[in-house]
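To keep things clear, I will list the structure first and then write my remarks on it.
Residue numbers (UniProt numbering): 1 to 358.
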């Protein structure tokens with residue numbers, strides 16, 4: 001009898017223990033504060049506090065882009081944010097010859113906490129000036145055989161990038177701009193502010209790639225440029241970079257800064273010397289009768305008007321634009337870059353090697 005009573009008592013105690021444990025566990029689960037994982041934006045905010053800007057630079061990341069480039073533009077923004085801009089929050093400015101779609105606006109804005117602006121081009125900056133013979137231009141587009149030979153919009157783009165982008169109202173208050181493109185890669189962490197570097201070191205023009213231009217696209221560009229120099233000798237300082245862009249015969253060697261990557265003090269493009277040069281070229285008609293690109297135009301202007309110490313080769317920024325790219329070499333880039341210099345031997349491009357000799 002005693003054994004049976006003891007057994008019942010033990011069962012009761014066991015039931016009480018199990019009930020108490022379950023009740024306590026439920027209470028703990030309901031009241032336990034589980035730490036929440038930080039969102040990417042919260043992490044960016046923390047990083048922004050760690051790497052604040054030294055000064056309020058009037059600068060922006062600027063792109064002329066089409067609505068159809070949304071996916072490629074998103075890729076570029078994601079890499080720029082991850083590699084650089086999450087620390088500095090520079091605004092983005094997107095320009096188009098037609099209104100941006102809501103899909104494009106939402107697609108790029110969601111990727112950054114920085115301010116994003118959208119602008120449209122007017123007919124003056126994206127179209128034919130009145131002195132261009134459009135029938136002649138159309139005939140040339142049909143008969144020429146070089147890259148983008150048949151594209152009217154490509155010529156509009158080159159003219160706009162040569163003489164109008166820096167005059168757009170969204171850029172009026174900027175001191176610097178960094179041109180960005182869809183479908184490019186930034187291979188390395190950029191752990192400093194290139195805008196501040198340019199400002200602090202009195203740099204005017206920054207570049208990263210320097211191939212040679214297709215001569216068939218610019219057959220008269222150098223002749224027109226030489227004529228400009230004869231008519232405007234006061235614009236050409238003695239300490240210039242013309243040696244870098246000319247061969248032993250004094251002809252243009254085709255070297256040019258690939259302008260899909262350029263970081264520029266916009267006072268250069270707004271200067272009287274540059275505007276006189278652009279207007280001179282524009283009157284000559286080569287943007288339409290040939291296929292003058294903004295890259296050689298910018299380059300020849302830099303060569304005429306600036307000295308080498310005003311130009312910065314950003315050889316620590318890994319960059320790829322479809323066709324060629326640049327991967328920094330040396331121990332400083334290890335751990336910061338995801339590229340292999342052996343796969344991007346652009347340091348061996350003739351124009352890059354010539355740069356060191358100027």
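Idealized CB from N, CA, C, for every residue including glycine.
Check: Cut-off 7 Å between Cβ atoms - residues of its own chain near residue 269, not counting five sequence neighbours on either side; Outcome: 166
Check: Reduced DSSP category for residue 179 - H, G, I as helix; E, B as strand; rest coil; Outcome: strand
Check: Residue 92: first and last residue of the uninterrupted alpha helix (DSSP H) it sits in; Outcome: Segment 92-96 is the beta strand (DSSP E) holding residue 92; no alpha helix (DSSP H) there.
Check: CA-to-CA distance, residue 108 to residue 77, given in whole angstroms; Outcome: 7 Å
Check: Residue range of the alpha helix (DSSP H) that includes residue 359; Outcome: Examination of residue 359 is not possible in this model, given that the chain is present from 1 through 358 alone.
Check: Beta-carbon proximity list for residue 47, same chain, < 8 Å, skipping 5 on both sides; Outcome: Low local confidence applies: a pLDDT of 43 at residue 47 is under 50, so the model's placement there is unreliable, and no value is given.
Check: Contact under 8 Å by Cβ, residue 203 with residue 312; Outcome: yes
Check: Distance between residue 285 and residue 129 (C-alpha atoms, nearest Å); Outcome: 9 Å
Check: Start-to-end residues for the alpha helix (DSSP H) that takes in residue 310; Outcome: Here residue 310 belongs to no alpha helix (DSSP H), and DSSP marks it neither H nor E.
Check: Buried versus exposed call for residue 357 [16 or more other C-beta atoms within 10 Å across all chains shown]; Outcome: exposed
Check: Endpoints, alpha helix (DSSP H) assigned at residue 71; Outcome: 70-80
Check: Presumed contact (8 Å Cβ cut-off) between residue 62 and residue 178, rounded CB distance; Outcome: 7 Å
Check: Simplified DSSP assignment, three categories, for residue 266; Outcome: coil
Check: Closest Cα partner of residue 235 within the set 274, 261, 210 and 80; Outcome: 274
Check: Coil, strand or helix - residue 65 by DSSP; Outcome: coil
Check: Nearest-angstrom Cα separation, counted from residue 314 out to residue 290; Outcome: 31 Å
Check: Whether residue 337 touches residue 188 by CB criterion (8 Å); Outcome: yes
Check: Local conformation of residue 345 per DSSP, three classes; Outcome: coil
Check: Whole-angstrom distance between residue 224 and residue 247, CA atom to CA atom; Outcome: 17 Å
Check: Burial state of residue 33, where buried means 16 or more other Cβ atoms lie within 10 Å; Outcome: Legend: pLDDT at residue 33 = 39, less than 50; position of this residue unreliable, no value from coordinates given.
Check: CA-to-CA distance, residue 252 to residue 138, given in whole angstroms; Outcome: 27 Å
Check: Length at least 4, wholly inside the region 214-249: the alpha helix (DSSP H) runs in chain order; Outcome: 221-231
Check: CB-CB length for residue 259 against residue 295, believed under 8 Å; Outcome: 4 Å
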